Amino acid sequence: MKLPRRFRRTAVLLVALIGFSSTLYSQRPKPKSKSPVTEQSVRAYMTALAGDEMNGRGSASADELEAAKYIAAQLKLLKVAPAGDAGGYLQTVKFMRRQRGNPGATPVDAITTNVIGIVRGRDATLTKETVLLSAHLDHLGIGREVNGDKIYNGADDDASGVTAVLELARALASGPKPKRTVIFVLFGSEEIGGWGARYFQDHPPVPLETFVANLEFEMIGRPDTAVAPHTLWLTGFERSDLGKQLAAHGARLVADPHPAERFFQRSDNYVLARKGIIAHTVSSFGLHPDYHRPSDDLSHIDFKHMTEAIASMVEPVRWLVNSDFKPQWAEGGRP
């Protein structure tokens, strides 16, 4: 049926108007997806882990155990499945510890605690490949008094790394299941010799040969002025192709600007790297003077930097756990 002329003119105008409006809408910048990492949740984790009530989470102490129980409760809330001893989140580590201040004395029995959670992969071809995200949960506890303070809170070292792992667990557990299996581990007793990581490598919840990569997070609570603003660095960046690939997928990662400090060998990643796993540490430690002092507390944390740092790793890590990319050691890079 043919419309009268006046209706045809109106119809033409309406079509033109609709087309113009659609063009304007399509040209509008699309809103960025909201990051799952918020300063509020970062502050909540940090306050619980690095407040004075935790007494500095001393290695192999009752306070380390309390921190482990808190972390386990958070993983449960995030609906990350347990992968520790006896169907729980905790993994108990027993070892012989030398007595502080008395190196000649006979070592004594010590117990430390790892926390382990798992999100199993969904892809039939990639479920037997595992990405490990880790940090150490202990610090120095209560020690020599400095400026009236004897609680070594370890806010940057390494409550900040634990918080990063919890935030990444939130991001990965709340969306579609990743293709690869992801294990979240918070190691105990790193500060006295990496005992938690040593035990974990001998008692992993899945075979060690399935691990394709490990990212340890340590000391990201403040920016490092040795690199550009809004930047993190990766220990041993040149040792493998993992850092370059993460950077190509949006990670703000550069090479460690402090090679003389040998940080690649000074964190739990090194225990796993020596087993052949591509393992590096993400950090922004700028050699601040509060390292291993009571002043490494919440008042010195740059929460804006820390929140942004963690958020910047979400999508690159999401890519890694959904990719078939297998990082490789560079020639001469494997320790």
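Counting from 1, position 302 in the sequence shown corresponds to residue 367 in the numbering used here; the numbering is continuous, with no gaps.
Just so it is clear, CB atoms sit at the ideal spot from N, CA and C, and this is done for glycine as well.
Here the structure is a predicted model, which means the values were calculated and not measured.
Rounded to whole angstroms, Met284 and Val227 show a C-alpha spacing of 10 Å. Annotation for Val319: the continuous beta strand (DSSP E) segment containing it runs Leu318 to Ala320. According to the DSSP assignment, Ser199 belongs to the beta strand (DSSP E) that extends over Thr195 to His201. Leaving aside the five residues that flank Phe252 on each side, the residues in its chain whose CB is nearer than 6 Å to its CB run, in chain order, Asn179, His201, Gly261, Ala262 and Asp333.
Here Ser377 carries a helix assignment [DSSP, helix/strand/coil].
For the 8 Å CB-CB criterion, Val230 and Leu237 do not form a contact. In the three-state DSSP reduction, Leu352 falls in the coil class, being neither helix nor strand. Here Asp333 carries a coil assignment [DSSP, helix/strand/coil]. In this structure, Gly186 and Pro243 form a Cβ contact; the two beta carbons are roughly 6 Å apart against a cut-off of 8 Å.
In this model, Val386 and Arg235 are separated by some 14 Å (Cα to Cα).
For Ala325, the three-state secondary structure derived from DSSP is helix. In this structure, Ser377 lies away from Ala312, with their beta-carbon atoms at least 8 Å apart.
Taking Asp306 as the centre and dropping the five residues before and after it, the same chain places the C-beta of Pro392, Gln393 and Ala395 closer than 8 Å to its C-beta, in chain order. Beyond the five residues adjoining it in sequence on each side, Ala146 comes within less than 8 Å, by CB distance, of Gly182, Ile183, Val184 and Arg185 in the same chain, given in chain order.
In this structure, Ser349 sits near Arg287, with a CB-CB distance shorter than 8 Å. The continuous alpha helix (DSSP H) containing Met111 extends over residues Glu104 to Ala115. The secondary-structure analysis by DSSP pairs His204 across a beta bridge with Gly123. For the pair Ile176 and Ala127, the Cα-to-Cα distance works out to about 9 Å. Just measuring C-alpha positions, the residue of Ile366, Val158 and Met111 sitting nearest Leu130 is Val158.
The three-state reading of DSSP puts Phe160 in strand, counting E and B together. Restricting attention to Val277, Gly259, Asn167 and Gly153, the CA atom closest to the CA of Val196 is found in Val277. Residue environment for Thr190: exposed (fewer than 16 other C-beta atoms within 10 angstroms of its C-beta). In the structure shown, Gly182 falls within a strand segment according to DSSP collapsed to helix, strand and coil. CA-CA distance, Arg162 to Thr372, rounds to 36 Å.
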